[in-house]
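Q: Residue numbers (the numbering used here), protein chains in the order written: chain A, 12 to 191; chain B, 59 to 526.
By construction, the Cβ of each residue, glycine as well, lies at the ideal position given by its N, Cα and C atoms.
Quick caveat: nothing in here was measured; it's all calculated off a predicted structure.
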């Protein structure tokens with residue numbers, strides 16, 4: 012086999028326009044590759060479908076984050092004013108829930124926001140300062156103006172020569188070896 | 059929304075170079091120097107305040123709240139435009155927000171930082187106040203009073219500050235990665251690299267990123283409306299004539315957006331000239347902001363009318379007296395009329411194209427509106443308190459030197475932070491501007507059916523109808 016080079020992480024192709032990237036991603040998926048990724052300087056909605064990216068679980072997590080915040084807020088205030096230290100304020104009921112709404116509302120938003128941000132970073136596996144793709148010198152243009160498509164060596168369809176020729180046939184600027 | 063011939067690369071260079079270029083423009087040093095010196099007034103006041111106590115301020119019975127809360131509400135209000143631009147306009151799919159959202163969000167953060175100082179320092183010794191601000195099990199076994207609007211305020215403002223920071227930072231991550239990849243100085247590269255958390259623009263990451271960003275916008279929208287509503291509860295939940303009015307929450311929120319857009323204009327009109335950003339912050343942006351100012355300003359004027367109406371309609375002797383005292387009989391009548399002049403009259407110029415389309419006039423009107431919104435809080439607070447129920451306790455309020463030095467000091471602090479932000483971070487969201495370029499469109503069969511239909515409809519509307 013040609014991919015005896017154990018230090019190879021994958022193959023990467025560089026494209027000039029988002030259209031080329033999406034077309035290439037579609038061909039790669041149709042050819043049966045699954046361990047693939049695309050890199051672009053801005054979000055491309057079409058790539059999700061082209062690469063077959065499933066919808067993230069994040070919204071569900073954020074919902075439960077918000078519910079946790081709400082229950083925490085209501086529970087905290089009920090505990091403070093009803094259980095731990097009941098205080099008669101102007102003869103109002105101890106469990107005067109309407110006045111507990113604002114703080115519980117803010118806590119709902121706070122925890123939902125934390126879940127959205129840290130959940131997104133966690134699911135993305137960030138922070139991760141080192142990643143093999145950074146070994147390709149031209150990859151620094153992925154945050155600027157170029158579009159990249161990656162097929163990992165772990166993919167069961169991956170064979171160095173075949174995959175390299177296949178990627179070259181997609182019309183890229185260049186195909187790079189990505190070292191581990 | 060983007061003028062001139064730009065490519066993905068030229069956009070990245072033009073905005074990124076403001077932070078990365080070696081030579082800092084001379085006018086930056088002048089501006090930063092002045093702002094930093096003015097900020098020393100804040101340091102001076104805070105040190106004096108902690109050493110001598112809050113007696114150095116002019117507020118005393120019956121005007122127990124004065125500059126501390128006027129300035130708090132003023133600063134918090136300014137912050138609201140940032141969240142409005144970044145969250146509400148995102149949900150409404152207003153593409154013009156893209157080139158102004160970054161520094162509007164920065165403005166929000168810095169304004170909230172200035173705002174929070176006032177109530178915190180009004181406690182006198184903030185480190186001792188923690189037990190009644192935040193619910194933590196303390197050795198005294200007591201808790202904050204959750205039935206008080208002041209505690210709602212603590213929760214609202216601290217949540218607002220945290221979520222605004224997260225929103226701003228999440229928006230910055232891809233741009234920090236751009237700066238990391240472009241930086242030549244190794245220290246800059248390291249710092250931007252650490253802050254970018256290894257962002258590499260993967261399609262899977264972008265997918266979750268966009269969901270997270272949209273959800274943040276979705277929760278920031280009710281948040282920003284709730285924050286100024288809760289700030290207005292500080293007044294309207296009390297029984298004081300002039301404060302106890304149901305119009306307060308919407309009227310405060312509109313006023314906040316009004317003041318905030320004025321501040322965004324004050325910041326971006328010079329910024330786009332000094333940094334040659336007219337391609338991204340176009341005249342169209344300024345005109346839109348002028349229109350938002352006019353609309354929210356009119357809501358605020360409606361609020362003033364309703365306040366007077368409520369006073370009369372309540373048939374309460376004290377309410378009627380308060381309105382008379384505020385508008386023509388009291389010692390502070392001039393502040394009310396100055397307020398009407400600044401907030402009510404000045405914005406009427408925005409009905410005319412000549413003023414709305416001139417950056418100079420927009421800038422002048424924005425400054426007048428900022429002063430007007432400060433006066434609004436002065437009128438609401440001081441004229442409601444200075445003549446209360448008992449004539450024997452009537453008194454005049456006048457700010458001391460320390461009131462002024464703290465207020466002016468926070469303005470210096472605010473501009474110091476703005477100058478640092480402009481120097482070290484991208485002032486316009488680079489990756490979002492890239493999406494506005496025509497070359498960012500994916501052509502061909504990938505588009506959804508619905509998008510194709512919409513596009514066809516739009517093209518049809520833009521072309522001339524066929525002649526019969």
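Who are the Cβ neighbours of residue 277/B in its own chain at under 6 Å, not counting the five residues just before and after it?
A: none
Q: Any residues in the region 49-60 of chain A with a beta carbon nearer than 9 Å to a beta carbon of chain B? Which ones, in chain order?
A: Within the region 49-60 of chain A, contact with chain B at the beta-carbon level (separation under 9 Å) is assigned to 49, 50, 51, 52, 53, 54, 55, 56, 57, 58, 59, 60.
Q: Beta-carbon separation of residue 134/A and residue 50/A under 9 Å?
A: no
Q: Which residue comes first and which comes last in the beta strand (DSSP E) that contains residue 24/A?
A: Counting along the chain, the unbroken beta strand (DSSP E) around residue 24/A starts and ends at 19-26.
Q: What's the C-alpha gap between residue 463/B and residue 220/B?
A: 28 Å
Q: Applying a beta-carbon distance threshold of less than 9 Å, which residues of chain B neighbour residue 111/A?
A: 204, 205
Q: Using a Cβ cut-off of 9 Å (strictly closer), state whether residue 30/A contacts chain B.
A: Interface flag for residue 30/A against chain B is set, since a Cβ pair is found closer than 9 Å.
Q: Since residue 23/A meets chain E, which of its residues come closer than 8 Å, beta carbon to beta carbon?
A: Note that chain E does not occur in the displayed structure, where the protein chains are A and B.
Q: I'd like the span of the beta strand (DSSP E) that includes residue 185/A, first residue to last.
A: 185-190
Q: So, for residue 36/A: in the same chain, excluding its five sequence neighbours on each side, which residues have a beta-carbon less than 8 Å away from its beta-carbon?
A: Within the same chain, and ignoring the five residues on either side of residue 36/A in sequence, the residues whose Cβ sits closer than 8 Å to its Cβ are 47, 49, 58, 61, 62, 160.
Q: Please say whether residue 381/B and residue 533/B have beta carbons closer to each other than 9 Å?
A: With chain B covering 59 to 526 only, the question about residue 533/B has no answer from this structure.
Q: Determine the contact status of residue 30/B and residue 322/B, defining contact as a CB-CB distance below 9 Å.
A: Residue 30/B is absent from the model: chain B starts at 59 and stops at 526.
Q: Report yes or no: is there a C-beta of chain A within less than 9 Å of the C-beta of residue 180/B?
A: no
Q: What are the boundary residues of the beta strand (DSSP E) that residue 162/A is part of?
A: 158-163
Q: Determine the contact status of residue 417/B and residue 236/B, defining contact as a CB-CB distance below 9 Å.
A: no
Q: Which one or two residues does DSSP pair with residue 121/B in a beta bridge?
A: When DSSP reads this structure, residue 121/B sits in a beta bridge with 118/B.
Q: If contact is defined by three or more beta carbon pairs under 8 Å, each pair taking one atom from either stretch, is the region 262-276 of chain B in contact with the region 137-154 of chain B?
A: yes
Q: If you draw a straight line from the C-alpha of residue 468/B to the C-alpha of residue 94/A, how long is it?
A: 42 Å
Q: If you check the beta carbons only, do residue 155/A and residue 135/B fall under 9 Å apart?
A: no
Q: Alpha carbon to alpha carbon, what distance is there between residue 246/B and residue 503/B?
A: Only weak support exists for where residue 503/B lies, its pLDDT of 49 falling under 50; the value from the coordinates is given anyway. Roughly 42 Å separates the two Cα atoms.
Q: Residue 503/B by DSSP, collapsed to three states: which one?
A: No answer about residue 503/B holds up, because its pLDDT of 49 lies below 50 and its placement is not dependable.
Q: Consult DSSP for residue 453/B and reduce its assignment to one of helix, strand or coil.
A: coil
Q: Can you give me the C-alpha to C-alpha distance between residue 74/B and residue 335/B, rounded to a whole angstrom?
A: 12 Å
Q: Which residue or residues does DSSP assign as beta-bridge partners of residue 260/B?
A: According to the DSSP secondary-structure assignment, residue 260/B is paired through a beta bridge with 50/A.
Q: Are the CB atoms of residue 20/A and residue 176/A within a distance shorter than 9 Å?
A: no
Q: So is residue 163/A in contact with chain B if we call contact Cβ pairs under 9 Å?
A: no
Q: Note down, one range per segment and in chain order, each beta strand (DSSP E) of at least 3 residues found wholly within the region 422-448 of chain B.
A: none
Q: Tell whether a beta-carbon distance below 9 Å holds between residue 207/B and residue 201/B.
A: no
Q: What residue range is occupied by the uninterrupted alpha helix (DSSP H) comprising residue 386/B?
A: Careful: residue 386/B lies outside any alpha helix (DSSP H) and carries neither H nor E.
Q: May I ask you to list, following chain order, the residues of the region 166-184 of chain A that have a beta carbon less than 8 Å from some beta carbon of chain B?
A: none
Q: Express the C-alpha separation of residue 131/B and residue 203/B in angstroms, rounding to a whole number.
A: 22 Å
Q: In terms of residues, what are the limits of the alpha helix (DSSP H) holding residue 332/B?
A: 306-332
Q: Is it true that the CB of residue 212/B sits closer than 9 Å to the CB of residue 43/B?
A: As displayed, chain B neither begins before 59 nor continues past 526, which places residue 43/B out of reach and without an answer.
Q: Using a threshold of 9 Å, state whether the C-beta atoms of residue 116/B and residue 393/B are closer than that.
A: no
Q: If the cut is a Cβ gap below 7 Å, which residues of chain B does residue 135/A touch?
A: Within chain B, the residues near residue 135/A are 263, 266.
Q: Return the CA-CA distance between residue 108/A and residue 372/B, expressed in angstroms with no decimal places.
A: In this structure, the alpha-carbon of residue 108/A lies about 29 Å from that of residue 372/B.
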